[in-house]
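Report on one structure; see the data block that follows.
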Amino acid sequence: MDYFAIVIQFLFKNKSLRTKECALNRKSIQFYTRQNLASWDEAASIHHSINKDLADRVCRPDFNNLNSDFNKLLDTLDVAGKSIIQICCNNGIDLLSLKNKGSGYCLGVDGSFEFIKQARELCCSTEHAQIEFIQSDIYELPEDLFGRFDIVLVTVGVINWMPDLSIFFDICQRLLVDNGHVVMEEIHPVLNMFEQAEPSYLAYSYFDKEPVKDENGLDYFTNKKYQARPNYWFQYTLSDLFSCAISANLQLAHFKELPYNVGNYCADLEHSHSNPPLGFNALWQKRFTFS
C-alpha cells in the first residue's frame, strides 16, 4: 500500500471514530439533561408552595428580584429596549425584573415544562408585553433563535447542570448579535468543594470531574430533603469557565467574586471567619465576526 492510500485510510478511520465519539457525546448529554429535567419538573410544585406570594409581588411596578451587584452590572449595559434571552429561566422572575427596567423583547427558555407553566402564569398576572416563555432543552434550541439577542442572561443555578460546558458557551454566543453580551451571576466554583451542613465543611476536590448523583431533592429554599428522582450535577473550575468562553469567541469584560450568599448553598459560610467566595458576576462580549 502506498503512502497516499495509507493517509486516506487513516483519515477515514479517524473520521469514523470522531463521528462515533460525537454520537456518544450527544447520547450522554441527552441522558443527563432528561434525568435532570424530570427532577426539576418534580420540584416545581414544591417551589410554588414555598413562594405563594410571587403572583402578587411580580405585579408591583418596582418588582426586582436581582441581587444588587448583578443589578448594577446590568445597568452598565443600559437594558432599556434591549432584546434579552434567559437560559434556564425557571419561573421567569428575573426576566420580569428586567421588563420593569425597560427591556425590549424578552424570551425565557427552560427545559422544565412545569417551570415554564409557572413562568407563563406569573407573566399573565402582569401587564408586560413583548415577553414569551418556551420549553426547550438548552442543547436543542431552535436555530431561528441564533443571532437575535443583545443579551444572554444566565442566573444562579445553571452552570452546574450543564453536562457539556463548551457547547453551552457556544450556544450562548450563537444566540447573540455581534458585540452582544453574556451576563452571568453564579455560585462560585470553589463552593463545590463544600458539603452543606451546620456548619458546612470542606469535603471534595476542586478538580473532581465525575458527575455527582443526587436523590435528596431540589428544595434550595428550605433545604428540606425528600426522596427525589435522580439528578446529576457537574463541577467546573474557573479556568474551565474562562477557557470555554474564550473558545466560544467571547471576551471577558467584567468579573467580580462575591463574599455573600447568592444561591442558598452553604449559606452559613457567608458569616464564617474564613469566608470563601460564594458567588461571582461575569460579563462577556461577543467579538465581531465577519460573515
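Going by the UniProt record's numbering, the sequence shown opens with residue 1, and the numbers climb by one from there.
Backbone N, C-alpha and C define an ideal beta-carbon position, used for all residues, glycine too.
{"Check": "When the distance is taken between beta carbons, is alanine 245 closer than 8 Å to phenylalanine 169?", "Outcome": "yes"}
{"Check": "Identify, in the order they occur along the chain, each residue of the same chain with its Cβ nearer than 7 Å to the Cβ of serine 200, setting aside the five sequence neighbours on each side.", "Outcome": "Phe194, Cys266, Asp268, Leu269"}
{"Check": "Where does serine 272 fall in DSSP's three states?", "Outcome": "coil"}
{"Check": "By Cβ distance, which residues of its chain are closer than 6 Å to lysine 82, with the 5 residues on each side in sequence left out?", "Outcome": "Ser103, Gly104, Asp150, Ile151"}
{"Check": "With distances taken between CB atoms, is the gap from leucine 141 to valine 183 smaller than 8 Å?", "Outcome": "no"}
{"Check": "For phenylalanine 288, which residues in the same chain have their Cβ closer than 8 Å to its Cβ, ignoring the five residues on either side in sequence?", "Outcome": "Asp178, Asn179"}
{"Check": "For leucine 238, which of Pro189, Phe113, Ser205 has the nearest alpha-carbon?", "Outcome": "Pro189"}
{"Check": "Mind the definition here: the region 269–286 touches the region 68–81 only if three or more C-beta pairs lie below 8 Å; say whether that holds.", "Outcome": "yes"}
{"Check": "Check whether the region 30–42 and the region 112–119 are in contact - that is, three or more C-beta pairs closer than 8 Å.", "Outcome": "yes"}
{"Check": "With three or more beta-carbon pairs closer than 8 Å as the criterion, would you say the region 129–136 touches the region 89–102?", "Outcome": "yes"}
{"Check": "Quick one: Cα of tyrosine 236 to Cα of cysteine 124, how far?", "Outcome": "37 Å"}
{"Check": "Which residues in the same chain as serine 136 place their Cβ atom closer than 6 Å to its Cβ, once the five residues preceding and following it in sequence are excluded?", "Outcome": "Val109"}
{"Check": "On the CB-based measure, 16 or more other CB atoms within 10 Å of its CB, does phenylalanine 207 come out buried or exposed?", "Outcome": "exposed"}
{"Check": "Would asparagine 160 and alanine 119 qualify as a contact pair, given that the criterion is a beta-carbon distance under 8 Å?", "Outcome": "no"}
{"Check": "Output needed for asparagine 65: all residues of its chain with C-beta closer than 8 Å, excluding positions within five of it in sequence on either side, in chain order.", "Outcome": "Ile93, Asp94, Leu96, Ser97"}
{"Check": "In three-state terms, what does DSSP make of methionine 162?", "Outcome": "coil"}
{"Check": "Closest to tyrosine 139 by C-alpha separation, out of Ile116, Thr126, Glu127, Leu175, would be which residue?", "Outcome": "Leu175"}
{"Check": "Label cysteine 59 either buried or exposed according to how many other C-beta atoms from any shown protein chain fall within 10 Å of its C-beta, with 16 as the threshold for buried.", "Outcome": "exposed"}
{"Check": "In the structure shown, what three-state DSSP assignment does aspartate 41 receive?", "Outcome": "helix"}
{"Check": "Report yes if the C-beta distance between leucine 165 and aspartate 240 is below 8 Å; otherwise report no.", "Outcome": "yes"}
{"Check": "On the DSSP letters alone, give me the boundaries of the beta strand (DSSP E) that glutamate 132 sits inside.", "Outcome": "131–135"}
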